[in-house]
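Residue numbers (the working numbering): 1 to 259. Yeah, the Cβ is synthetic: ideal placement off N, Cα and C, and Gly gets one too. Remember, predicted model here, so these are calculated numbers, not experimental data.
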């Protein structure tokens, strides 16, 4: 299966020539070109969500907004229609994970995770988590990943499925939370970043800054449980004559279930 994590960049007024309406066609081109089975997107406003729904009939798209405010963002999951969503849910990375809009007192925004059990075309099932961790405070990222990990452990006890965790972690490869998550310190299971099969990618930015930069922060990840095999991975630098779809590059991976 092919999976992608893609921070679409919220529609900010001060982005001027890089506002959503001026680049959404490039986002559509990327998604069409790479034809993924599962895509996790971040920073999707209601307006962006409406546009996406209108343009992608070949995907089932799930995920709730992080609050009831109009400009509130989503972390949606796209699942190709040839596959089947068995169940899905959005929870909050807070002390009240079922409460819409709940957040840590020291976090500027509510943070969420969208999860789904997906039955692939061949009948195999995986559970996917798509998140966007706090962009300001390490302690908020740590709490968020702990809360997400609690859900992973709970779900694995209910049904032991292969797990994919993706998103914008706002943390570099040498940060404590990335090392702890990979080592299994948050979970009963260890997780492997898909970048591990092509470690030179860690030296490259996952942020284009709308300029096609090579150097910069590497903060986007796809992690897989040890019952999944990583076949290939890449940072997608697709652009339209120098115009980029987002300030982040999509991260894409081909993976398969170990038999």
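Look up residue i in the DSSP assignment and give the residues it is bridged to.
| i | result |
| --- | --- |
| residue 39 | 4 and 78 |
| residue 52 | Paired residue(s): none; residue 52 is not in a bridge. |
| residue 243 | 240 |
| residue 248 | 207 |
| residue 253 | 3 and 233 |
Around the Cβ of residue i, are there at least 16 other Cβ atoms within 10 angstroms (buried) or fewer (exposed)?
| i | result |
| --- | --- |
| residue 122 | exposed |
| residue 195 | buried |
| residue 63 | buried |
Return the first residue and the last residue of the beta strand (DSSP E) that residue i is part of.
| i | result |
| --- | --- |
| residue 225 | 220-225 |
| residue 159 | Premise fails: residue 159 is in no beta strand (DSSP E) and is neither H nor E. |
| residue 112 | 112-119 |
For the candidate residues the options, whose alpha-carbon lies nearest to that of residue i?
| i | options | result |
| --- | --- | --- |
| residue 144 | 120, 161 and 181 | 181 |
| residue 247 | 95, 155, 219 and 160 | 219 |
| residue 2 | 38, 151, 30 and 21 | 38 |
| residue 225 | 132, 33, 256 and 217 | 256 |
| residue 192 | 212, 74, 162 and 215 | 162 |
| residue 67 | 102, 115 and 113 | 102 |
| residue 79 | 72, 87 and 211 | 87 |
| residue 152 | 100, 233, 33 and 165 | 165 |
Reducing DSSP to helix, strand and coil, say where residue i ends up.
| i | result |
| --- | --- |
| residue 58 | coil |
| residue 92 | strand |
| residue 104 | coil |
| residue 148 | helix |
| residue 186 | coil |
| residue 65 | strand |
| residue 169 | coil |
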